[in-house]
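S.K.:
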Amino acid sequence: MQKVIQFIKGDITFILFLFVFSWVFTLKNKIGFANSWDDFVFHPDTSFWVFIQALCIFLFIHLVKKRIDKTNTNLAPTVKKYLLFFGISLITYLLITNIFGILISLAFNTFSRNFNSSYQITYKIFNQVIDFTIFGSFSLAYLYSKENINHKKRLSAYEASNSKSKIQQLKAQLSPHFLFNNLNILDQLIDENKELASTFLSQFSDLYRYVLKNSNKELITIKEEIIFAENYFKLMETKYKDCYKLIIDHSIRSSKILIPPFCLQVLVENAIVHNLGTIKKPVIISISIKKGIFVTNNKAIHVNKKNSNGIALKNLSEQFLLLTNSSVVIDDSKDVFSVTLPLIKNINND
Numbered sequence: 235m236q237k238v239i240q241f242i243k244g245d246i247t248f249i250l251f252l253f254v255f256s257w258v259f260t261l262k263n264k265i266g267f268a269n270s271w272d273d274f275v276f277h278p279d280t281s282f283w284v285f286i287q288a289l290c291i292f293l294f295i296h297l298v299k300k301r302i303d304k305t306n307t308n309l310a311p312t313v314k315k316y317l318l319f320f321g322i323s324l325i326t327y328l329l330i331t332n333i334f335g336i337l338i339s340l341a342f343n344t345f346s347r348n349f350n351s352s353y354q355i356t357y358k359i360f361n362q363v364i365d366f367t368i369f370g371s372f373s374l375a376y377l378y379s380k381e382n383i384n385h386k387k388r389l390s391a392y393e394a395s396n397s398k399s400k401i402q403q404l405k406a407q408l409s410p411h412f413l414f415n416n417l418n419i420l421d422q423l424i425d426e427n428k429e430l431a432s433t434f435l436s437q438f439s440d441l442y443r444y445v446l447k448n449s450n451k452e453l454i455t456i457k458e459e460i461i462f463a464e465n466y467f468k469l470m471e472t473k474y475k476d477c478y479k480l481i482i483d484h485s486i487r488s489s490k491i492l493i494p495p496f497c498l499q500v501l502v503e504n505a506i507v508h509n510l511g512t513i514k515k516p517v518i519i520s521i522s523i524k525k526g527i528f529v530t531n532n533k534a535i536h537v538n539k540k541n542s543n544g545i546a547l548k549n550l551s552e553q554f555l556l557l558t559n560s561s562v563v564i565d566d567s568k569d570v571f572s573v574t575l576p577l578i579k580n581i582n583n584d
């Protein structure tokens, strides 16, 4: 009984539609049979039994669909599948209703009256087919729409889950990338200046705690990421003092934009690693907001620059594509390298 109540609650809107349509359908037929308002006779019980018939057809189709779906591995709703439901339901419905009618006629000894001619039998079956076609079509259209919506929800949930999993994998790649690059700098500082190496290691340990804390987050505020990028830049100044400059537009700090963790740090790191700044000709890294988050630097390429596989930028592009369905825009000209990140608004603060 509880299952029946849950079933009715789940489809109450459609059941109410069948109820209203049954009354309109019956009223239309009664008006059509009458030659005038004086001939018009309306029996409410007729509408009630039409509704019961419509409800039975809906329940019958639902049961047939449920039974077939158990053996069907195709989860997506298709027109072909629903035509199969309709065909099987119609044939089974005609068999059951007519066999039941014959049994009732035999039980009450009315068989000769109810089945006395081929015309009467044909007319009865024809009416059953028409009724089933009308109410069955409504039922199938409703069930198709309902299943299609549920399928899209499941697909959307799966894609969202898959995207989150992929994003976490991409972040997991950035963590060792950050670690190994900075350990290489530390190794160089140990040979050059042990006191600077000690300062570098202390600052680096604080930064890496931030990396571990935020590695599982999908998005953070741009203010948090700017603080991290600035702290990372100060760390780099330990080795490359006055060879690089970081300029951040003041308005970006109060922005309500969200951003994936480490993305600004990656771009600052990219500018430092791939350009040889000097005190006389420093590499200037600028972060501002235009149509997106705009990060740019002038180019001062290493003479003996090693080829890079660009894993950090590829990683960043994939993250934004998964999060915003928009690509990162990279402009690599002769003198300037720039990256524009798509905007992600913080809807909780809008």
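Heads up: the sequence shown begins at 235 in our numbering, then just goes up one per residue. Every residue, glycine too, gets a C-beta built ideally from N, C-alpha and C.
1. Between Tyr478, Ile527 and Ile486, which has its C-alpha nearest Asn509's C-alpha?
2. According to DSSP, simplified to helix, strand and coil, what is Phe496?
3. Could you tell me how far apart the beta carbons of Asp476 and Lys533 are, in whole angstroms, since I believe they sit closer than 8 Å?
4. Going by the CB atoms, is the gap between Ile481 and Ile518 shorter than 8 Å?
5. Using the rule of at least 16 other Cβ atoms within 10 Å of the residue's Cβ for burial, across every protein chain shown, is Tyr376 buried or exposed?
6. Beta strand (DSSP E) containing Thr512: first to last residue?
7. May I ask you to verify whether the stretch 285–293 touches the stretch 253–262, counting CB pairs closer than 8 Å and requiring at least 3?
8. Of all the options Gln499, Ile523, Asn450 and Leu555, which has the alpha carbon lying nearest to the alpha carbon of Asn465?
9. By how many angstroms is the C-alpha of Ala505 removed from the C-alpha of Ile491?
10. Run through DSSP, which three-state label would Leu453 get?
11. Using a Cβ-Cβ cutoff of less than 6 Å, which residues in the same chain neighbour Thr574 once the five nearest sequence positions on both sides are dropped?
12. Which residue from Phe496, His385 and Phe360 puts its Cα closest to that of Ser551?
13. Where do the ends of the alpha helix (DSSP H) carrying Ile322 lie?
14. Can you tell me whether Ser352 is buried or exposed, with buried defined as 16 or more other CB within 10 angstroms of its CB?
15. Candidates Leu340, Thr512, Thr356 and Phe345: which alpha carbon is nearest Ile535's?
16. Is it right to say Gln553 is buried, meaning 16 or more other beta carbons lie within 10 angstroms of its own, or is it exposed?
17. In this structure, how does DSSP classify Ile578 when only helix, strand and coil are distinguished?
18. Could you work out which residue in Pro311, Ile295 and Gly244 is closest to Leu328 when comparing CA atoms only?
19. Under 8 Å between the Cβ atoms of Gln422 and Thr472?
20. Rounded to the nearest angstrom, what separates Phe320 and Gly370 at their Cα positions?
21. Could you tell me the distance, in whole angstroms, from the CA atom of Thr260 to the CA atom of Gln362?
22. Which term fits Lys262, buried or exposed, when burial requires 16 or more other beta carbons within 10 angstroms of its beta carbon?
23. Is Asn350 helix, strand or coil by DSSP?
24. Please state whether DSSP places Asn559 in a helix, a strand or coil.
25. Using the Cα positions of Leu435 and Ala463, report the straight-line distance between them to the nearest angstrom.
26. At which residues does the beta strand (DSSP E) containing Ile535 begin and terminate?
27. Use the C-beta contact count for Ile460: other C-beta atoms within 10 angstroms, 16 or more gives buried, fewer gives exposed.
28. So if DSSP puts Thr530 in a beta bridge, which residue, or which two residues, is it bridged to?
29. Enumerate in chain order the residues of its own chain whose CB-to-CB distance from Leu324 is below 6 Å, with the five nearest sequence positions on each side excluded.
30. How far does the beta strand (DSSP E) with Ile486 in it reach, from first residue to last?
M.R.: Taking the definition as stated:
1. Position 275 of the sequence shown, counted from the start, is the residue given in the question as residue 509. Of Tyr478, Ile527 and Ile486, the residue nearest in Cα terms is Tyr478.
2. Residue mapping note: residue 496 aligns to position 262 of the sequence shown, counting from 1. Coil.
3. Within the sequence shown, residue 476 is the residue found at index 242, counting from 1. Within the sequence shown, residue 533 is the residue found at index 299, counting from 1. Not quite, the Cβ-Cβ distance comes to about 18 Å (not below 8 Å), so this is no contact.
4. Position 284 of the sequence shown, counted from the first residue, corresponds to residue 518. Position 247 of the sequence shown, counted from the first residue, corresponds to residue 481. Judged by their CB atoms, Ile518 and Ile481 are nearer to each other than the 8 Å cut-off.
5. As a position in the sequence shown, residue 376 is number 142, starting the count at 1. The residue is buried, with at least 16 neighbouring Cβ atoms inside 10 Å.
6. Position 278 of the sequence shown, counted from the first residue, corresponds to residue 512. Neither: Thr512 is in no beta strand (DSSP E) and is coded neither H nor E.
7. yes
8. If you number the sequence shown from 1, residue 465 lands on position 231. Closest by alpha carbon: Gln499.
9. Residue numbering aside, residue 491 sits at position 257 when the sequence shown is read from its first letter. Residue numbering aside, residue 505 sits at position 271 when the sequence shown is read from its first letter. One C-alpha to the other measures close to 23 Å.
10. The sequence position of residue 453 within the sequence shown is 219, counting from 1. Looking at Leu453 - three-state DSSP - the assignment turns out to be coil, as it is neither helix nor strand.
11. Here the question's residue 574 lines up with position 340 in the sequence shown. Cβ neighbours of Thr574 beyond the five flanking positions: Gly526, Phe528 and Val563.
12. Indexing the sequence shown from 1 puts residue 551 at position 317. Of Phe496, His385 and Phe360, the residue nearest in Cα terms is Phe496.
13. In the sequence shown, residue 322 corresponds to position 88, counting from 1. Val313 to Ala341 is the span of the alpha helix (DSSP H), which, as asked, contains Ile322.
14. Counting from one through the sequence shown, the residue named residue 352 turns up at place 118. The residue in question, Ser352, is exposed, as its Cβ has fewer than 16 Cβ neighbours within 10 Å.
15. Sequence index remark: in the sequence shown, residue 535 carries index 301 (1-based). Cα-wise, what sits closest to Ile535 is Thr512.
16. Residue numbering aside, residue 553 sits at position 319 when the sequence shown is read from its first letter. Classification of Gln553: buried, given that the 10 Å Cβ count is 16 or more.
17. Residue mapping note: residue 578 aligns to position 344 of the sequence shown, counting from 1. Here Ile578 sits in strand by DSSP.
18. Counted from its first residue, the sequence shown places residue 328 at position 94. It is Ile295 whose Cα lies nearest to the Cα of Leu328.
19. Position 188 of the sequence shown, counted from the first residue, corresponds to residue 422. Position 238 of the sequence shown, counted from the first residue, corresponds to residue 472. Against a cut-off of 8 Å, the Cβ pair of Thr472 and Gln422 comes out as no contact.
20. Locating residue 320 in the sequence shown gives position 86, counting from the first residue. Locating residue 370 in the sequence shown gives position 136, counting from the first residue. Answer to the nearest angstrom: the Cα atoms are 7 Å apart.
21. Here residue 260 is taken as the residue at index 26 of the sequence shown, counted from 1. Here residue 362 is taken as the residue at index 128 of the sequence shown, counted from 1. Between Thr260 and Gln362, the alpha-carbon positions lie close to 15 Å from each other.
22. Numbered from 1 along the sequence shown, position 28 holds the residue referred to as residue 262. By the Cβ neighbour-count rule, Lys262 is exposed, with fewer than 16 other Cβ atoms within 10 Å of its own.
23. Your numbering for residue 350 matches position 116 in the sequence shown. Asn350 carries a coil assignment under DSSP once its states are collapsed to helix, strand and coil.
24. To locate residue 559, count along the sequence shown from 1; it is residue 325. Of the three classes helix, strand and coil, the one that applies to Asn559 here is coil, per DSSP.
25. Along the sequence shown, one-based indexing puts residue 435 at 201. Along the sequence shown, one-based indexing puts residue 463 at 229. Cα to Cα, Leu435 sits roughly 17 Å from Ala463.
26. Looking up residue 535 in the sequence shown gives position 301. Run containing Ile535: none; DSSP gives neither H nor E here.
27. Taking the sequence shown and counting its residues from 1, one reaches residue 460 at position 226. Buried: at least 16 other Cβ atoms inside 10 Å.
28. As a working mapping, residue 530 is identified with position 296 in the sequence shown. Paired residue(s): Ser520 and Ser572.
29. Reading the sequence shown from its first residue, position 90 is the one you call residue 324. Contacts found: Phe366.
30. Here residue 486 refers to the residue found at position 252 when the sequence shown is read from its first residue. Run containing Ile486: none; DSSP gives neither H nor E here.
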